[in-house]
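Asks:
Chains as they are written, first to last, in the working numbering: chain F, 1 to 125; chain L, 126 to 250; chain B, 251 to 375; chain S, 376 to 500.
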């Protein structure tokens with residue numbers, strides 16, 4: 001099956017929402033875009049790591065077969081929310097292979113700035 | 126031969142065209158830049174995955190030996206078009222090894238913002 | 251354990267601080283975001299390479315178990331500082347596996363521009 | 376030795392120079408940032424691929440031991456120059472392992488926009 005079962009994004013930081021705070025598409029945010037290209041549902045456990053406290057989670061995520069999910073970190077709320085303007089990192093563990101890409105939109109100053117990278121993938125042992 | 130036969134871009138999103146909608150180079154778009162560095166023509170099948178419907182495609186792409194193709198997602202139209210402002214992901218399967226890089230230009234607010242990453246590559250089994 | 255023990259960022263360049271020089275978050279900077287997802291402290295040696303002189307370092311970095319560190323290159327000062335507007339590259343060697351992502355914020359002209367990529371990882375022999 | 380001997384950047388495009396055309400740092404450009412972390416000089420052959428003509432090169436590049444080179448694509452001129460506003464891709468073949476990262480600065484509209492990614496690396500056979 002295509003993909004890997006563990007993915008890591010070391011660079012997490014949700015900037016201040018900025019002047020478009022009322023617009024879901026344009027407010028500052030981070031996303032983990034996940035593709036489940038396989039024929040089984042993916043059950044993913046997400047843990048969030050910080051610089052100065054124990055990890056949060058696991059957050060439980062399910063992705064149907066042959067579907068993509070653009071997961072917004074600024075909208076996580078169970079078991080807790082991720083504060084803005086705080087350094088974090090994330091680790092995804094899936095029961096079937098998936099592929100994860102990281103994206104940030106920074107709108108703090110009223111123009112859009114983007115970054116993106118494939119996450120770091122590894123197969124669990 | 127240099128490259129891999131399967132490539133995945135989980136983070137697909139074509140922003141609204143923005144104020145330069147009449148300028149092909151400056152309107153918001155996404156591209157998959159593909160290099161076929163080998164001496165055989167590459168025949169590629171592209172499938173597009175969504176969050177809430179079955180995948181689209183396959184789109185058929187051919188790249189001559191030792192040529193690059195900067196494929197615009199906003200210009201795909203056979204068997205269908207990809208709507209703007211919609212989450213998607215893409216999977217490329219080639220009969221010979223190639224290399225794929227993902228790029229977006231977001232011009233929604235009238236300035237340019239770019240993101241790019243190598244896609245996730247794997248050899249088919 | 252998740253991660254790799256050697257990481258490389260070839261593209262180092264800290265732009266001029268720009269008009270927000272007094273604001274730590276908004277002045278131009280580069281960061282290496284490092285996650286230590288494992289249960290042992292990571293001891294990392296960082297060396298900085300230049301185009302025209304011998305490498306600087308090693309800089310000594312420790313990261314507690316299950317913690318992330320967003321290391322600012324513009325704040326390194328022991329054994330030396332990295333000058334702005336100078337090409338450099340960095341190599342991280344850790345005693346336990348970690349994951350490293352590279353990010354730059356360029357604020358030279360008063361708007362924000364971002365780039366990011368996973369660093370290149372390899373296991374030491 | 377750390378690194379790989381073949382590197383590919385599929386997404387090449389040097390935008391129009393823009394309003395800062397006289398400023399080397401701020402005019403639109405692309406760079407391949409290469410680190411030679413090893414104790415031998417790296418001799419690299421660079422070939423440039425296009426969409427509609429045979430490849431250019433090889434361009435010959437040497438990098439001293441433990442040095443980095445931020446190679447500007449807009450300054451290549453032997454055996455030929457790379458035109459702006461033209462799709463291309465690049466392949467690096469080195470006699471010793473190196474690491475390559477791709478960066479673009481797009482200043483067409485007078486603000487800065489950046490993209491970067493690690494290139495695709497593979498060991499030659």
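By construction, the Cβ of each residue, glycine as well, lies at the ideal position given by its N, Cα and C atoms. Just so we're clear, the structure is a prediction, and the values are computed from it rather than from any experiment.
Check whether the Cβ atoms of residue 466 of chain S and residue 162 of chain L sit closer than 8 Å, and answer yes or no.
Replies: yes
Asks: Given a cut-off of 8 Å, decide if residue 339 of chain B and residue 257 of chain B are closer than it, judged by their beta-carbon atoms.
Replies: Contact: no.
Asks: Below 8 Å, can you find three or more Cβ-Cβ pairs linking the segment 352 to 362 of chain B to the segment 259 to 274 of chain B?
Replies: Touching, yes, given that three or more Cβ pairs across the two stretches are closer than 8 Å.
Asks: Short of 8 Å Cβ to Cβ, which residues in the segment 56 to 87 of chain F face chain L?
Replies: 66, 67, 68, 69, 70
Asks: From the DSSP secondary-structure annotation, give me the bridge partner or partners of residue 30 of chain F.
Replies: Beta-bridge pairing links residue 30 of chain F to F/104.
Asks: Which residues in the same chain have their Cβ closer than 6 Å to the Cβ of residue 499 of chain S, if we skip the five residues on either side of it in sequence?
Replies: Excluding positions up to five away in sequence, the list reads 380, 381.
Asks: Mind listing the chain D neighbours of residue 100 of chain F? Cutoff is C-beta to C-beta under 9 Å, in chain order.
Replies: In the displayed structure, chain D is absent; the protein chains listed are F, L, B and S.
Asks: Looking at C-beta atoms only, is the number of pairs between the segment 441 to 457 of chain S and the segment 400 to 419 of chain S that lie closer than 8 Å three or more?
Replies: Flag = yes, the segment 441 to 457 of chain S and the segment 400 to 419 of chain S touch.
Asks: At least one CB of chain B closer than 8 Å to the CB of residue 242 of chain L: is that the case?
Replies: So, interface residue.
Asks: Consult DSSP for residue 441 of chain S and reduce its assignment to one of helix, strand or coil.
Replies: coil
Asks: To the nearest angstrom, how far is it from the Cα of residue 47 of chain F to the Cα of residue 172 of chain L?
Replies: 30 Å
Asks: Which residues, taken in chain order from the segment 141 to 175 of chain L, show a beta carbon closer than 7 Å to some beta carbon of chain S?
Replies: 158, 159, 160, 162
Asks: Which residues does DSSP list as the beta-bridge partners of residue 46 of chain F?
Replies: Bridge partners of residue 46 of chain F: F/59, F/92.
Asks: Kindly list, in the order they appear in chain S, the residues whose Cβ is closer than 7 Å to that of residue 260 of chain B.
Replies: 408, 409, 410, 443, 474, 475, 476
Asks: Thinking just about the alpha-carbon of each residue, which of S/447, S/461, S/416, S/468 is nearest to the one in residue 344 of chain S?
Replies: Lying outside 376 to 500, the shown extent of chain S, residue 344 of chain S is not represented and no answer is given.
Asks: Are the CB atoms of residue 176 of chain L and residue 212 of chain L nearer to each other than 8 Å?
Replies: yes
Asks: Verify whether the separation of the beta carbon atoms of residue 328 of chain B and residue 292 of chain B is less than 8 Å.
Replies: Contact: no.
Asks: Does DSSP classify residue 325 of chain B as helix, strand or coil?
Replies: helix
Asks: What three-state label does DSSP hand residue 456 of chain S in the structure shown?
Replies: coil
Asks: Residue 11 of chain F to residue 351 of chain B, Cα distance in whole Å?
Replies: 6 Å
Asks: So for residue 261 of chain B, helix, strand or coil by DSSP?
Replies: strand
Asks: Kindly indicate which three-state DSSP category residue 165 of chain L falls into: helix, strand or coil?
Replies: coil
Asks: Which residues of chain F have a Cβ atom closer than 7 Å to the Cβ of residue 374 of chain B, listed in chain order?
Replies: Neighbours of residue 374 of chain B on chain F: none; closest Cβ ~16 Å, over 7 Å.
Asks: Say whether chain F places a C-beta atom closer than 8 Å to the C-beta of residue 363 of chain B.
Replies: Interface residue, yes.
Asks: Taking the continuous beta strand (DSSP E) assigned at residue 493 of chain S, which residues delimit it?
Replies: 488 to 493
Asks: Residue 502 of chain S CB to nearest chain L CB: under 8 Å?
Replies: Past the edges of chain S, shown from 376 to 500, lies residue 502 of chain S, and the structure says nothing about it.
Asks: Return no unless some Cβ of chain L is closer than 8 Å to the Cβ of residue 429 of chain S.
Replies: yes
Asks: Does the beta carbon of residue 2 of chain F come closer than 8 Å to any beta carbon on chain B?
Replies: no
Asks: To the nearest angstrom, how far is the alpha carbon of residue 253 of chain B from that of residue 312 of chain B?
Replies: Straight-line Cα distance between these residues: approximately 16 Å.
Asks: Grouping DSSP H, G and I as helix and E and B as strand, with all else coil, what is residue 19 of chain F?
Replies: coil
Asks: Considering only the alpha carbon of each residue, which of F/85, F/76, F/84, F/64 lies closest to residue 40 of chain F?
Replies: F/64
Asks: Spatial neighbours of residue 434 of chain S within its chain, please: C-beta separation below 8 Å, excluding the five flanking residues on both sides.
Replies: 420, 421, 422, 423, 451, 453, 454
Asks: Does any residue of chain L have a CB that is nearer than 8 Å to the CB of residue 481 of chain S?
Replies: yes
Asks: If residue 362 of chain B sits next to residue 113 of chain F, beta carbons under 8 Å apart, how far is it from one beta carbon to the other, in whole angstroms?
Replies: 5 Å
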